[in-house]
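For reference, the structure discussed in these notes is given below.
This is the structure we're talking about:
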């Protein structure tokens, strides 16, 4: 609104939507006698700094499975570190996620082969303004605790009973001229 009711005001806005960064709005006030004054307003449209994950799904995809895994603590966008202890038979996991802001990107989603012991997986969300948040997942895959045999045999001779992995004593009888024995055991 002009100070003098007889003056005219012309406001020139940027075309279309505001760009990210500095936008200039020009205001020209023309007095009744033709003298002009120009005002400029700088509108700074900030890029989003939202680098939060909105949701995260971790799945066991070993051998074609699709089982949800819950981290400890349960996923919360404000918590950046998680710990998980997984059984030895979980060899491959997958991370899927969605950023809270549509302009953010996510690095580190996808499939991971797990080694026995600690595996560190980092998921980084990059905001529109390039600020970042990194979620760290410490995944401990347990060592195999199976100390059983899958097969047990003896060359050229048979045990008195069939092999069973949960049975721990076997007998075999050989004639007096046999001086060596080759036993085959497979874990």
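In the working numbering, the protein residues as written are 2 to 188.
Glycine included, every Cβ here is placed at the ideal spot set by N, Cα and C.
query	result
Rounded C-alpha distance that separates residue 97 from residue 4	59 Å
Inter-stretch contact (C-beta, 8 Å, three-pair minimum) for the segment 68-76 and the segment 84-91	yes
Burial state of residue 54 (16 or more Cβ within 10 Å)	buried
Proximity of residue 49 and residue 128 at Cβ, strictly below 8 Å	yes
Where residue 186 falls, given that 16 or more other Cβ within 10 Å makes a residue buried	exposed
Residues near residue 43 in its chain [Cβ-Cβ closer than 7 Å; skip 5 each side]	23, 25
For residue 118: DSSP bridge partner residues	142
Nearest candidate by alpha-carbon position, reference residue 47, set 35, 21, 28	21
Whether residue 153 touches residue 171 by CB criterion (8 Å)	yes
C-alpha gap between residue 51 and residue 134, whole angstroms	9 Å
Residue 26 - partner residues in DSSP beta bridges	42
Of the residues 157, 158, 124, 115, the one placed nearest residue 62, counting alpha carbons only	115
Whole-number beta carbon distance between residue 158 and residue 173, since they are thought to touch under 8 Å	5 Å
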